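Chains as they are written, first to last, in the working numbering: chain A, 114 to 421; chain Y, 114 to 421.
Ideal placement from N, C-alpha and C gives every residue a C-beta, glycine not left out.
Keep in mind the model is a prediction, meaning the values are calculated, not measured.
See structure below.
2 protein chains.
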Amino acid sequence: MNSNFADRLIEEGTRKNSVLVVGLDPDIRYFPDFILEGIDSSSDESIAEAIYACNTIIIDAVADHVIAVKPQLAYYEVYGSYGIQALEKTIRYARSKGLIVINDAKRGDIGSTSAAYARAFLGNGAMSGDMVTVNPFLGSDGYMPFIEAAQENHKGLFLLLKTSNPSSYEIQDLKLENGDLLYYKLAEEIEKLASQTVGVHDYSFIGAVVGATYPAEAKQIRTKLPHSIFLVPGFGIQGGQPEDLREFFDDNGHGAVISSSRGVIYSYMNRTTEWKKITLPEMISCITEAASTAKDQINVVRFNNVPI
Amino acid sequence: MNSNFADRLIEEGTRKNSVLVVGLDPDIRYFPDFILEGIDSSSDESIAEAIYACNTIIIDAVADHVIAVKPQLAYYEVYGSYGIQALEKTIRYARSKGLIVINDAKRGDIGSTSAAYARAFLGNGAMSGDMVTVNPFLGSDGYMPFIEAAQENHKGLFLLLKTSNPSSYEIQDLKLENGDLLYYKLAEEIEKLASQTVGVHDYSFIGAVVGATYPAEAKQIRTKLPHSIFLVPGFGIQGGQPEDLREFFDDNGHGAVISSSRGVIYSYMNRTTEWKKITLPEMISCITEAASTAKDQINVVRFNNVPI
Numbered sequence: 114m115n116s117n118f119a120d121r122l123i124e125e126g127t128r129k130n131s132v133l134v135v136g137l138d139p140d141i142r143y144f145p146d147f148i149l150e151g152i153d154s155s156s157d158e159s160i161a162e163a164i165y166a167c168n169t170i171i172i173d174a175v176a177d178h179v180i181a182v183k184p185q186l187a188y189y190e191v192y193g194s195y196g197i198q199a200l201e202k203t204i205r206y207a208r209s210k211g212l213i214v215i216n217d218a219k220r221g222d223i224g225s226t227s228a229a230y231a232r233a234f235l236g237n238g239a240m241s242g243d244m245v246t247v248n249p250f251l252g253s254d255g256y257m258p259f260i261e262a263a264q265e266n267h268k269g270l271f272l273l274l275k276t277s278n279p280s281s282y283e284i285q286d287l288k289l290e291n292g293d294l295l296y297y298k299l300a301e302e303i304e305k306l307a308s309q310t311v312g313v314h315d316y317s318f319i320g321a322v323v324g325a326t327y328p329a330e331a332k333q334i335r336t337k338l339p340h341s342i343f344l345v346p347g348f349g350i351q352g353g354q355p356e357d358l359r360e361f362f363d364d365n366g367h368g369a370v371i372s373s374s375r376g377v378i379y380s381y382m383n384r385t386t387e388w389k390k391i392t393l394p395e396m397i398s399c400i401t402e403a404a405s406t407a408k409d410q411i412n413v414v415r416f417n418n419v420p421i
Numbered sequence: 114m115n116s117n118f119a120d121r122l123i124e125e126g127t128r129k130n131s132v133l134v135v136g137l138d139p140d141i142r143y144f145p146d147f148i149l150e151g152i153d154s155s156s157d158e159s160i161a162e163a164i165y166a167c168n169t170i171i172i173d174a175v176a177d178h179v180i181a182v183k184p185q186l187a188y189y190e191v192y193g194s195y196g197i198q199a200l201e202k203t204i205r206y207a208r209s210k211g212l213i214v215i216n217d218a219k220r221g222d223i224g225s226t227s228a229a230y231a232r233a234f235l236g237n238g239a240m241s242g243d244m245v246t247v248n249p250f251l252g253s254d255g256y257m258p259f260i261e262a263a264q265e266n267h268k269g270l271f272l273l274l275k276t277s278n279p280s281s282y283e284i285q286d287l288k289l290e291n292g293d294l295l296y297y298k299l300a301e302e303i304e305k306l307a308s309q310t311v312g313v314h315d316y317s318f319i320g321a322v323v324g325a326t327y328p329a330e331a332k333q334i335r336t337k338l339p340h341s342i343f344l345v346p347g348f349g350i351q352g353g354q355p356e357d358l359r360e361f362f363d364d365n366g367h368g369a370v371i372s373s374s375r376g377v378i379y380s381y382m383n384r385t386t387e388w389k390k391i392t393l394p395e396m397i398s399c400i401t402e403a404a405s406t407a408k409d410q411i412n413v414v415r416f417n418n419v420p421i
């Protein structure tokens with residue numbers, strides 16, 4: 114049995130006693146003044162510098178409490194090539210701190226184009242992290258190139274299965290002819306691939322995105338997809354609660370990584386209406402505490418599953 | 114009745130007597146030697162320069178015969194921020210030649226993140242073109258931000274409906290409880306929005322992607338979606354034939370724009386096994402001829418629909 118990227122996720126989780134992933138969704142409206150000092154808000158280049166500066170602060174603040182960072186591509190693309198430069202530097206910085214990088218890109222296209230996306234995100238280029246989120250709407254010839262690239266380069270991916278947003282039901286929960294919901298059918302397809310690509314801990318490098326906002330669905334999906342690690346967004350700010358996370362984990366407290374974005378990176382906004390004026394040390398301590406608290410809340414839930 | 118971006122597409126189509134869109138999917142393996150001279154193939158920056166140089170040649174060669182160019186984002190992201198720089202310069206160059214720019218990005222995410230993507234592609238930034246392709250898998254709160262941005266900025270979008278690739282049936286053709294196929298159901302949702310947002314020519318700025326490889330499906334979709342312009346990829350190299358395009362058009366020869374990528378931009382590869390050695394004038398003349406021929410083939414088919 115060869116080790117795969119799921120093993121890396123699980124072993125990092127054990128070493129750090131954390132399955133927390135912090136989303137890096139930069140929104141300069143929420144940056145403290147000291148980061149924006151001297152920044153020209155009409156210049157993409159200048160804003161991109163502020164984004165990178167903010168990301169390094171966040172990464173330093175959370176590094177001991179999280180296993181991965183998850184840049185959300187949209188927030189970098191808004192600033193064009195300068196934004197992508199900030200992303201590339203962020204990826205490099207996060208990796209230098211020993212963190213796994215999950216690019217939340219939700220890419221998906223037809224075969225040869227998906228292969229190009231797979232090279233962009235799971236290759237050796239400047240935008241490549243360790244894992245990427247993939248949209249399966251175009252079918253298997255759209256996502257197989259990502260699976261092949263992940264296998265070849267010892268990386269991983271998460272296929273969108275049941276996303277955290279309110280309208281995810283519109284397509285993902287459509288009831289099929291045989292009575293199954295669409296995401297069940299898709300889960301069966303993923304399991305066929307995942308069961309053939311497990312590593313030392315019996316998990317595949319082919320994971321799935323399952324929103325924290327749908328705990329009832331997660332219980333059923335966990336059963337259908339025993340070999341896929343779940344990337345679970347929507348914890349905290351989107352309405353998912355710690356107790357909702359129970360069903361995402363297996364009996365060993367494995368099988369899921371939990372993502373929080375604004376609840377950690379902008380945690381200072383809940384502290385004081387004067388958050389614009391906070392200092393660098395205050396910002397660091399607030400973000401570190403938010404990450405540490407989220408990690409602990411998740412651990413209480415995931416280890417409750419372990420039979421005593 | 115206010116004019117919208119569908120009117121722009123239709124009026125440009127009439128003015129140029131063309132509904133051809135050329136895909137800009139740069140693959141340096143297919144570039145002639147003269148473009149690659151002095152290029153360092155291990156440097157993303159150097160490759161990105163070659164890509165931009167090649168795109169300007171293509172744009173000059175096709176400008177009289179096409180209404181739009183369609184950069185395929187994956188082929189730029191492979192080269193990271195340098196690739197995106199090449200994309201931005203390409204967009205600027207194409208617009209300076211009066212061409213519409215359709216970013217084939219297939220983006221889609223949850224609400225606030227989709228709003229960021231919509232700003233990136235339908236805003237005023239360097240990566241923004243005139244239209245963008247959008248993946249609807251996350252439901253309406255994923256695609257509504259694109260529709261709102263398009264409406265606000267007088268731009269347009271194409272929602273993926275029935276894509277041209279062989280495995281598109283796996284999700285898009287799933288049979289639902291009521292016997293309908295998934296893409297039918299999605300077409301109904303799109304029509305609700307499209308029928309409320311028509312312009313002077315009775316078409317909405319909310320279009321749909323329907324592959325040239327599925328002409329039988331297109332006939333049914335045309336009926337279901339009378340107010341959406343179709344972006345039709347897969348013509349030429351992916352197996353779609355001119356006669357297959359008939360059903361995509363309405364009785365006035367409107368309602369679809371037809372995309373060809375490799376069949377035009379790498380047309381010199383079919384001419385001679387010595388294509389690596391072609392000169393700039395030979396490259397231009399070959400691409401111009403391929404675009405002109407494709408335009409004419411499409412016009413024969415679309416105007417056959419017009420009652421005499």
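Below the 9 Å Cβ cutoff, chain A contributes no neighbours of Y/K305, its closest Cβ being approximately 12 Å away. The beta-carbon of Y/K183 is placed no less than 8 Å from the nearest beta-carbon of chain A. Residue contact with chain A for Y/I141: absent (no Cβ-Cβ distance below 8 Å to any residue of chain A). Just measuring C-alpha positions, the residue of Y/G211, Y/I164, Y/V179 and Y/C167 sitting nearest Y/K408 is Y/V179. Runs of the alpha helix (DSSP H) lying entirely within the region 260 to 287 of chain A, each at least 4 residues long, are 282 to 285 in chain order.
Sequence-distant partners of Y/D120 (beyond 5 residues in either direction) whose C-beta falls short of 7 Å from its own C-beta, in its chain, are G312, V313 and H314.
Linking A/L235 to A/L270 through their CA atoms gives a straight-line distance of about 9 Å. Put simply, the backbone Cα of A/S374 is about 20 Å away from that of Y/A231.
The three-state reading of DSSP puts Y/K219 in strand, counting E and B together.
In the DSSP assignment, Y/P394 falls within the alpha helix (DSSP H) that extends over L393 to N417. The Cβ-Cβ distance between A/S156 and Y/E201 does not fall below 8 Å. Within the region 231 to 257 of chain A, the residues whose Cβ lies closer than 7 Å to some Cβ of chain Y are R232, A233, G238, A239, M240, N248, P249, F250, L251, G252, S253, D254 and G255, listed in chain order. Under the 8 Å criterion on CB atoms, Y/A229 is classed as interfacial with respect to chain A. The beta-carbon distance between A/Y188 and A/P139, rounded to whole angstroms, is 5 Å. This is short enough to meet the 8 Å contact definition. Counting along the chain, Y/G136 sits inside the beta strand (DSSP E) bounded by residues L133 to L137.
In chain order, D254 make up the part of chain A whose C-beta sits under 7 Å from the C-beta of Y/P279. A distance below 8 Å separates the beta carbons of A/V132 and A/I411.
Annotated as distal: Y/I319 and Y/A300, with beta-carbon spacing of 8 Å or more. Per DSSP, the continuous beta strand (DSSP E) segment holding A/S317 begins and ends at S317 to V323. The C-alpha of A/G242 lies about 25 Å from the C-alpha of Y/S241. One alpha carbon belongs to Y/G292, the other to Y/Y316, and they sit about 28 Å apart. Close CB contacts of Y/E162 within its chain, under the 8 Å cut and outside five residues either way in sequence, are with I152 and A199 (chain order). Along the region 283 to 300 of chain A, the positions whose C-beta sits under 8 Å from a C-beta of chain Y are E283, I284, Q285, L287, K288, L289, E290, G292, L295, K298 and L299, read in chain order. When A/G211, A/S277 and A/I164 are compared, the shortest CA-CA separation from A/G196 is found for A/I164.
Excluding sequence positions up to five before and after A/A369, its CB lies within less than 6 Å of the CB of F343, V345, F361 and F362, all in the same chain and listed in chain order.
Each residue's CA atom was taken as its position, placing A/L212 and Y/N365 some 58 Å apart. Annotation for A/V377: the continuous alpha helix (DSSP H) segment containing it runs R375 to I378. A/V413 counts as exposed, since fewer than 16 other beta carbons sit within 10 angstroms of its beta carbon. In the structure shown, Y/S194 falls within a helical segment according to DSSP collapsed to helix, strand and coil. According to the DSSP assignment, Y/V345 belongs to no alpha helix (DSSP H) but to the beta strand (DSSP E) extending over S341 to V345. Secondary structure at Y/T246: strand, using DSSP grouped into helix, strand and coil. Restricting attention to Y/D173, Y/E387, Y/V247 and Y/I123, the CA atom closest to the CA of Y/T401 is found in Y/D173.
Nearest CB-CB separation between A/Q198 and chain Y: below the 8 Å threshold.
Against chain A, a Cβ distance below 7 Å from Y/D222 picks out A187 and K219. Counting only the Cα atoms, Y/Q333 lies some 25 Å from Y/N117. Nearest neighbour of A/P145 by Cα position, chosen from A/I391, A/E395 and A/S398, turns out to be A/I391.
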